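Colleague: Sequential numbering from 2 applies to the sequence shown in our numbering. We put the CB at the ideal spot given by N, CA and C, even for glycine. Everything numeric in this text was worked out from a predicted model, so none of it was measured. Below you will find the structure I want to go over with you.
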Amino acid sequence: MAKDGTMRGGPRFGQGRPPKAIKEKIETGNPGGRKLQVMEVPDATDLDVDATDLKAEDMPKPKEYMLQQQRNGKDFCAEDVYKETWEWLRGRGCDKLVNPQLVSQYSMAVARWIQCEQAISEYGFIAKHPTSGQPIASPYVSMSQNYMKQVNQLWYQIYQIVKENCLTDYGGQTPQDDAMERLLRARKGMN
2 MAKDGTMRGG
12 PRFGQGRPPK
22 AIKEKIETGN
32 PGGRKLQVME
42 VPDATDLDVD
52 ATDLKAEDMP
62 KPKEYMLQQQ
72 RNGKDFCAED
82 VYKETWEWLR
92 GRGCDKLVNP
102 QLVSQYSMAV
112 ARWIQCEQAI
122 SEYGFIAKHP
132 TSGQPIASPY
142 VSMSQNYMKQ
152 VNQLWYQIYQ
162 IVKENCLTDY
172 GGQTPQDDAM
182 ERLLRARKGM
192 N
């Protein structure tokens with residue numbers, strides 16, 4: 002509550018001390034005393050071999066807007082990012098803990114970032130001002146930066162859920178690591 006008595010302000014997402022991972026809580030003797038929910042993470046080597054043996058809910062279907070072809074005629078990679086992220090979450094046993102809407106938002110942001118980077122590659126860093134005709138910085142550059150910031154914030158939220166609910170450390174590949182690889186494949190037309 003603010004000094005003037007109105008209900009505004011309050012905690013903001015990502016501010017303050019980040020929560021400890023469950024592994025750290027167990028190592029320190031659970032100082033808060035709350036019951037801990039423990040999720041076991043399979044070995045990284047088992048993920049590649051036995052991914053079909055994992056028990057989990059079916060992946061929610063991607064929304065229709067993630068499947069549409071883009072105006073420039075190129076395919077939109079949001080569906081692929083969504084599936085990769087969901088499979089990664091399923092492999093860690095956290096697919097029930099993460100809201101599918103959060104995964105959708107992350108997938109759309111990654112796909113839009115890739116789209117902006119492709120536009121920068123196609124049109125360059127300089128554009129022509131619509132009224133004066135003078136050279137200006139390409140608007141795709143700032144859009145790309147904004148989408149990348151959004152991607153990082155959304156990934157932080159997803160990864161924080163996984164980190165807080167996994168008993169073992171995980172240091173392998175993540176869908177966030179694949180974002181640049183996806184961009185490079187899209188530039189080569191390999192999708």
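#1: Pairing CB atoms from the segment 82-89 with CB atoms from the segment 104-119, are three or more of them under 8 Å?
#2: With three or more beta-carbon pairs closer than 8 Å as the criterion, would you say the segment 156-168 touches the segment 86-103?
#3: How about Ala180 and Val152: do their beta carbons lie closer than 8 Å?
#4: Report yes if the CB atom of Ile159 is closer than 8 Å to the CB atom of Tyr107, and no otherwise.
#5: Hey, which unbroken runs of the beta strand (DSSP E) at 3 residues or more fall wholly within the segment 123-179?
#6: Quick check on Lys24: does DSSP put it in helix, strand or coil?
#7: Using a Cβ-Cβ cut-off of 7 Å (strictly less than) and excluding sequence neighbours within five positions of Ser139, which residues of its own chain qualify?
Modeller: The short version:
#1: yes
#2: yes
#3: yes
#4: yes
#5: 127-129 and 136-138
#6: helix
#7: Ile121, Tyr124, Gly125, Phe126, Ile127 and Ala128
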